[in-house]
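The structure appears right after this line, and notes come after that.
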Amino acid sequence: MRCGILKRMATDVLIIGSGGREHALAWKLKQSPRVGKLYVAPGNGGTGMLAENVDISVMEFEKLARFAEEKRIGLTVVGPDDPLVGGIVDVFKSHGLRIWGPSKEAAQIEGSKAFSKQLMQEAKIPTAEFALFSEPHTALAHVRTHGFPIVIKASGLALGKGVYICRSFEEAEHAITEIMIEKIHKDAGNEVVIEEYLDGPEISIHALTDGITHVLFPSSQDHKRALDGDEGKNTGGMGAIAPVPWVTSQVMTGIDSAVVIPTFEALKKRSIQFQGLLYPGLKVTLDGLKVLEYNARFGDPECQVYMRLLKTDLLDLLDACVDSTVDVVKKSVEWHRGFAANIVLASGGYPDAYQKGFPITGIEEAEKVEGVVVFHAGTILRGSTLYTNGGRVLGVSAVGGTLKQALDRAYEAVGKIHFEGMHFRRDIGAKSLS
Ligand SMILES: Nc1ncnc2c1ncn2[C@@H]1O[C@H](COP(=O)(O)OP(=O)(O)O)[C@@H](O)[C@H]1O
Ligand SMILES: [Mg+2]
């Protein structure tokens with residue numbers, strides 16, 4: 019009887035996305051006694067093992083909403099940026115469906131760098147000096163009056179490939195041509211942000227909010243470049259740690275008051291209610307902390323380390339955002355002691371062209387290492403064999419009492435996994451160890 023009541027009270031959840039972030043969210047939600055059936059659309063080889071994958075793409079909003087109606091989904095959780103910026107939350111709400119994530123209007127903070135830079139300027143939030151252009155010749159004229167390096171960014175979403183760090187006039191000209199004339203990032207390049215180059219380590223800040231109150235997560239750090247020593251191209255992220263040992267609680271308080279609070283205030287001033295997760299990316303420069311950009315969702319791989327450290331029931335937190343009760347749960351958010359690390363295993367060639375379809379072995383062995391959980395990103399299960407199916411294939415995560423222990427465990431587990439062409443960074447978290 020009691021069991022029957024619990025079952026009826028359970029919330030069936032639909033997660034939108036197919037990366038390591040979504041596998042980590044599914045892994046954590048699966049532990050909630052309040053979660054009933056769990057679906058992931060479209061999901062990957064890993065989510066298929068603990069939830070039901072649904073073959074609908076993240077941009078098919080009406081189809082997803084119909085699925086949520088049919089299955090009486092109690093909460094839909096949006097992982098990636100594209101559907102958020104495209105307005106999936108508004109579509110679900112127009113169907114009367116409960117959904118976690120910012121509206122199209124609020125997601126502009128990620129979807130338009132022009133919007134976010136203006137917002138920061140207005141709110142006096144520290145960020146790189148910048149100018150905005152919608153014409154290539156005025157952009158080029160601006161570059162002529164500045165020194166190098168200089169940073170040129172497509173304003174819109176460009177799959178993480180719209181940022182050019184230019185060390186010469188020729189490189190800047192090439193960037194402007196690609197973005198504004200050849201339009202290789204399509205409409206994302208209608209406007210460009212040209213900004214000052216900032217030097218220093220990067221950190222990721224995550225604030226969960228209902229638009230009224232927010233909860234600050236511990237600091238984390240992604241590693242954006244493809245190769246050791248921060249060499250090579252920018253990627254979606256090659257590995258993460260949390261918390262960042264040198265980011266003290268005073269620093270976090272400073273970030274809250276100089277960045278997070280003013281950002282939410284500035285949004286409110288524009289009558290924009292942001293519900294979901296705000297993730298400002300920061301650079302720690304000699305001149306102080308500066309915001310590089312905002313994301314309107316969890317970072318990936320950051321989400322993977324957060325889910326390993328979060329003690330509180332994730333459904334409670336997501337529900338609080340949707341129900342505007344973050345003030346009630348704020349005090350009770352708990353984290354496991356210690357550290358989490360994550361190493362991304364990528365396909366050979368990533369972030370450029372790569373091949374897919376190679377069999378993956380060793381995950382079971384890897385997960386026998388203490389503290390290790392392997393999250394899937396670009397994987398697909400065919401029969402009983404797992405194959406590579408994307409650029410970032412797996413995220414090998416580990417927790418430990420110290421950052422070093424978490425990293426050692428993660429790398430030990432990495433050593434047990436194999437697929438053709440596999441590449442990963444060997445220096446995740448290394449700079450934070452010294
Ligand atoms: N002004 C800057 N100075 C130095 N590096 C930058 C600057 N802006 C961006 N970058 C680098 O480029 C990466 C991507 O830039 P970002 O603005 O976060 O764009 P997106 O994540 O949308 O591609 C950053 O993580 C950072 O490493
Ligand atoms: Mg970024």
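Quick note: the sequence shown uses this note's numbering, first residue 19, plus one each step.
Even glycine gets a Cβ: it sits at the ideal position worked out from N, Cα and C.
These figures come from a predicted structure and were not determined experimentally.
DSSP places Y297 inside the beta strand (DSSP E), whose first and last residues are G294 to T303. If you look at S267, you'll find it in the alpha helix (DSSP H) that goes S267 to I273. Shortest gap from the CB of N208 to any heavy atom of ligand 1: 7 Å or more. Restricting attention to I34, G35 and H41, the CA atom closest to the CA of S415 is found in H41. Ranked by Cα distance from F110, the first of A69, L32 and T156 is L32.
For I435, the CB stays at least 7 Å from every heavy atom of ligand 1. Rounded to the nearest whole angstrom, the CA to CA distance from V58 to V103 is 19 Å.
A159 sits in a helix when the DSSP states are folded into three classes. Here the C-alpha atom of M440 lies approximately 29 Å from the C-alpha atom of K48. In the DSSP assignment, the residues bridged to H394 are L412. Closest in alpha carbon position to G229, among S289, E320, T195 and V96, is S289.
In this structure, G299 has its CB closer than 7 Å to one or more heavy atoms of ligand 2.
Per the DSSP secondary-structure output, C339 pairs with nothing in a beta bridge. In this structure, T397 and N62 form a Cβ contact; the two beta carbons are roughly 5 Å apart against a cut-off of 8 Å.
Residues F376 of the same chain have their beta carbon placed closer than 6 Å to that of E438, with the five preceding and five following residues left out of the count. With a cutoff of 7 Å, E311 counts as near ligand 2, since its C-beta is closer than that to a heavy atom of the ligand. Relative to ligand 1, the nearest heavy atom lies less than 7 Å away from the CB of E220. Under DSSP, the beta-bridge partners assigned to S222 are S238 and G299. Note that the stretch 118-134 touches the stretch 170-188; at least 3 beta-carbon pairs, one per stretch, sit closer than 8 Å.
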